[in-house]
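Quick note: the sequence shown uses the working numbering, first residue 939, plus one each step. We put the CB at the ideal spot given by N, CA and C, even for glycine. Notes for the one structure printed next.
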Amino acid sequence: MHDIPDSTSRRRGWYPRSSPSAARSILCARIRCSDWRAEAPLDTPRSCPIEAVVIDHSERKPPWLKVLAPGGESYTRIKGTLRNLQLHTVCEEAHCPNVGECWREGTATVMILGDTCTRGCRFCAVKTGNPRGVVDPLEPEHVAAAVASLDLRYVVLTMVDRDDLPDGGASHVAETVRRLHDLRPDLLVEALVGDFRGRHGDIATVLDSRPDVFAHNVEVVRRITRLVRDVRCTYDQSLAVLEHAKAHAPDRITKSSLMVGAGETDDEVLESLADLHRVGVDIVTLGQYLRPSPKHLAVDRYVEPAKFAAYSEAAKQMGFKFVASGPLVRSSYRAAEVFVGKMIHGPEGN
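Dropping the structure here:
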């Protein structure tokens, strides 16, 4: 028996695939098959069609992706403070649709090691180039002092990839985490890091600074990794980073994220979720890929909210401790941060 090609198969080809049967049954139960636009007859019940709106890329986004313009007193205050302190946030650099919600609720994602990434992923809006080894040695102190002055409960420290540095920037991240803990012991800190070329020592350097959460994103499913991410990123290397993190610090919360709508199939999403659970990931987030500019990878499809709910249910059945799944969910998402607070501080830790 063969899996059924989906409505985008003419662009990328299709192949027989497998996925966890229990998760597939959950997804099948949640999908109206008549809504699926197939290019082949439904000759087998094995493959679960993805409930998605397949669009011409010139069309406007579907209504469920519309968000209110950011605003409010807290948002305005944090934005002004970040400007004055000259902090880079991935919230703005990556054009995140949730910036208003997160800043209003006391969460921010600060990007360190500069604003120029040495890699060029096709989905990412962050500037690429060669920083030539330039690092601000005062940045850990500066960032920690700036963040400590903000009315934040949870901060995500993310980084540009720095292949120009011997340790990929690991020691710089670690020092920033330590300074944050020194100045704000009550602040929850998540380190969202690159793959450090898979070097165990650099991963351990970050973990030994004791971030509350160690996060690294696989971003997309295995098959399209080479298409979407920089050639120096590999799917298996990302899994190995997460696996080593859990082995080195079993008590540390680990987290990863998947984008959908970049050309994957339903079965491939399930396979990636199973891979992440197998390597010990505690928290997983799933969200819609949104094209940041016409120069970036085109959106393959817009997945409906009901399908994200089905992904969430399937992931929970696999055993993840927490799942955030929705069209506007991003790697750094407040719902996951509330859960982390409760894990670390108990029911009042939100």
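Residue burial classification, residue i (beta-carbon count within 10 angstroms, cutoff 16)
i, result
"Ala1247", "exposed"
"Ser1250", "buried"
"Arg1161", "buried"
"Gly1071", "exposed"
"Lys1193", "buried"
"Ser1087", "exposed"
"Asp1099", "buried"
"Lys1017", "buried"
"His1283", "exposed"
"Gly1067", "exposed"
"Thr1203", "buried"
"Pro1149", "buried"
"Asp881", "Because the chain spans 939 through 1288 in this model, residue 881 falls outside it and cannot be assessed."
"Glu989", "Any reading at Glu989 must be qualified, since the residue scores a pLDDT of 39, below 50, and its modelled position is unreliable; the value itself is stated next. Buried, by the Cβ-count rule."
"Lys1245", "buried"
"Asp1189", "exposed"
"Arg1268", "buried"
"Ala1236", "exposed"
Cβ pair residue i, residue j closer than 9 Å
i, j, result
"Leu1130", "Val1278", "no"
"Val1169", "Val1158", "no"
"Phe1134", "Ala1187", "no"
"Val1085", "Ala1046", "yes"
"Met1256", "Ala1212", "yes"
"Pro1069", "Thr1054", "yes"
"Leu1121", "Ala1083", "yes"
"Arg1091", "Asp1140", "no"
"Pro1243", "Gly1264", "yes"
"Tyr1021", "Asp1089", "Residue identity differs from the one stated: residue 1021 is Arg in this sequence, not Tyr. Their beta carbons are not under 9 Å apart, which means Arg1021 does not touch Asp1089 by this criterion."
"Gly1132", "His1154", "yes"
"His1119", "Ser1147", "yes"
"Pro1000", "Tyr1173", "no"
For residue j and residue i, believed in contact at Cβ under 8 Å, the rounded distance
i, j, result
"Val1156", "Leu1214", "7 Å"
"Leu1266", "Leu1003", "7 Å"
"Val1144", "Ala1178", "Actually they are not in contact, since the Cβ atoms of Val1144 and Ala1178 sit about 15 Å apart, beyond 8 Å."
"Val1198", "Gln1226", "6 Å"
"Leu1095", "Glu1128", "7 Å"
"Ile1191", "Met1097", "Actually they do not touch by this definition, with Cβ atoms about 18 Å apart."
"Arg1116", "His1234", "Actually they are not in contact, since the Cβ atoms of Arg1116 and His1234 sit about 35 Å apart, beyond 8 Å."
"Val1093", "Val1048", "6 Å"
"Leu1208", "Ala1252", "6 Å"
"Asp1220", "Lys1259", "5 Å"
Any non-hydrogen atom of the ligand SAH within 8 Å of residue i CB
i, result
"Ala1082", "No copy of the ligand SAH appears in this structure; indeed no ligand is present at all."
Residue i: first and last residue of the uninterrupted alpha helix (DSSP H) it sits in
i, result
"Glu1113", "Ala1108 to Leu1121"
"Ala1142", "His1138 to Leu1145"
"Ala1178", "Tyr1173 to His1186"
"Val1166", "Thr1163 to Val1166"
"Ser1210", "Asp1204 to Arg1216"
"Glu1077", "Glu1077 to Ala1086"
"Ala1247", "Pro1243 to Met1256"
Boundaries (first-last residue) of the beta strand (DSSP E) holding residue i
i, result
"Val1261", "Phe1260 to Ser1263"
"Ala1153", "Val1151 to Ala1153"
"Tyr1092", "Tyr1092 to Met1097"
"Val1072", "Counting along the chain, Val1072 falls outside any beta strand (DSSP E), and DSSP gives it neither H nor E."
"Ala1129", "Leu1126 to Leu1130"
"Ser1195", "Ile1191 to Val1198"
"Val1222", "Ile1221 to Gln1226"
Validate contact between the stretch 1067-1086 and the stretch 1099-1113 using beta carbons, cut 8 Å, 3 pairs: They touch, by the three-pair rule.
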